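Residues 99 to 253 in our numbering are what the sequence shown spells out, letter by letter. Taking it in order: structure first as structure tokens, then the write-up.
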Amino acid sequence: MNEFRQHHRRKWSPVLVILAAFILQLLFASGAPLPAAPQESTQEPPAQPPKTPREIAELRADIMMARKLYSDAIEAYEELLKKEPKNAELLNKVGVGYSNLTKLDKAKKYYERAIKADAKYASALNNLGTVHFYQKRFKRAIKVYDRAIAVKPDS
């Protein structure tokens, strides 16, 4: 039996040994955690689907935006804005719709309204800076981008 083992022992090629060492070094040197054994999930259950008619209407408008039906999405957001005229998120979404239609002046107005509704809404500030950038108003763009970074430095 020993003869059999010695005769059929696998030989490691130097290339394979170097490759294995390199992979191990990457795993341990990068500080990446090694894969753990599967465990039961301790995460919270998935978020509940929207329940109110208002949430469903916003979700429909969001889907229209994702499908690039910008005019339809803008109409849907405008309907929601009739009941919530100072909702900064909705105002920003309308601005995004107009930006995607390259109607930058209209987009700018909605971003400004969103900022007026919530001066610390970084997305609207960032989007307004982008409008200024595309309109080649670079100094204004930089000022607005700086405000967005000051409001939310981690984004």
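We put the beta carbon where it would ideally sit given N, CA and C, even for glycine. What you are looking at is a predicted structure, and each value in this text was computed from that prediction instead of being measured.
Extent of the continuous alpha helix (DSSP H) run through residue i
i: K207; result: L202 to A215
i: R235; result: Careful: R235 lies outside any alpha helix (DSSP H) and carries neither H nor E.
i: K181; result: Y168 to K181
i: D252; result: First-last for D252: undefined, no H or E at that position.
i: N198; result: A186 to N198
Local conformation of residue i per DSSP, three classes
i: A145; result: coil
i: R165; result: coil
i: L243; result: As written in the sequence, residue 243 is Tyr, which differs from the Leu given in the question. In this structure, Y243 counts as helix in the three-state DSSP scheme.
Supposed close pair residue i, residue j - CB separation, criterion 8 Å
i: A222; j: Y209; result: 5 Å
i: I172; j: V192; result: 6 Å
i: V194; j: N224; result: Actually they are not in contact, since the Cβ atoms of V194 and N224 sit about 11 Å apart, beyond 8 Å.
i: L178; j: E156; result: 6 Å
i: A246; j: G227; result: 6 Å
Beta-carbon proximity list for residue i, same chain, < 7 Å, skipping 5 on both sides
i: G231; result: It is Phe, not Gly, that sits at residue 231 in the sequence shown. Closer than 7 Å at Cβ, skipping near neighbours: A239.
i: A186; result: A212, A215, D216, Y219 and A222
i: L202; result: V229, Y232 and Q233
i: K184; result: A215
i: K301; result: There is simply no residue 301 to check, as the chain begins at 99 and stops at 253 in what is shown.
Neighbourhood of residue i by C-beta distance below 8 Å, restricted to the same chain and skipping five residues each side
i: M162; result: Y168, D170, A171 and A174
i: E182; result: L188
Cβ shell of residue i (< 6 Å), same chain only, five flanking positions each side left out
i: N198; result: Y168
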